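Here is the structure we will look at.
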Amino acid sequence: MPNRRRVVETLTQDVVGAQVFNGLIGECVSMPHADYEAVQDATAAILERVVRAVDWPRLLREASFRHDIVHPDQEPSAEDWSPATGVCGECLAEAMLADDLGAQDWERKPTIPREHSSTDWPATVARTFDHREGAGWHPYK
Ligand SMILES: [Zn+2]
Numbered sequence: 081m082p083n084r085r086r087v088v089e090t091l092t093q094d095v096v097g098a099q100v101f102n103g104l105i106g107e108c109v110s111m112p113h114a115d116y117e118a119v120q121d122a123t124a125a126i127l128e129r130v131v132r133a134v135d136w137p138r139l140l141r142e143a144s145f146r147h148d149i150v151h152p153d154q155e156p157s158a159e160d161w162s163p164a165t166g167v168c169g170e171c172l173a174e175a176m177l178a179d180d181l182g183a184q185d186w187e188r189k190p191t192i193p194r195e196h197s198s199t200d201w202p203a204t205v206a207r208t209f210d211h212r213e214g215a216g217w218h219p220y221k
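Heads up, the sequence shown is in our numbering, so the first residue is 81 and it goes up one at a time.
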């Protein structure tokens, strides 16, 4: 499954929960399908904003540094669809989550803690959404 679709489906389910679909027509039947599609569009917008925000050269550099330190002898696995050298999926994921301002110290901290895996982010967004207008700035106006 393409990563875009995986991300959109994951974020959409975070927002609306598990829904029921009519397999014949491929439409959500447990909530208005147009609303379901609107949430999918919104989560695709989040993904597109993340893609624009990521410093890709930095990500690749951090992942490559980590790979050299943590997996110096790793050969591309047979499961890799398109084996890359000098980096792997695990190192890309850790580099994406790295938060040190300078170069990440991968020897001291090879794994970034996942501190938000149980955060109900849609509920937090819904609860705090009204504050957006109060700041006098709106990203889409
Ligand atoms: Zn690696």
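Just so it is clear, CB atoms sit at the ideal spot from N, CA and C, and this is done for glycine as well. Treat the numbers as computed from the prediction; the structure is a model and nothing was measured.
The closest CA to that of Asp148, considering only Val167, Met111, Ala173 and Ala175, is found on Val167. Checking the DSSP bridge columns, you'll see Phe101 partnered with Cys108. His151 sits in coil when the DSSP states are folded into three classes, being neither helix nor strand.
The Cβ atoms of Val96 and Val130 do not sit closer than 7 Å to each other.
Between Ala175 and Pro137, the alpha-carbon positions lie close to 11 Å from each other.
For Trp201, the enclosing alpha helix (DSSP H) starts and ends at Trp201 to Thr208. Shown here, Leu181 sits in coil according to DSSP, grouped into three states, outside any helix or strand.
Linking Ser198 to Val205 through their CA atoms gives a straight-line distance of about 15 Å. Of Asp121, His151, Arg86 and Thr165, the smallest CA-CA separation from Pro190 is found for His151.
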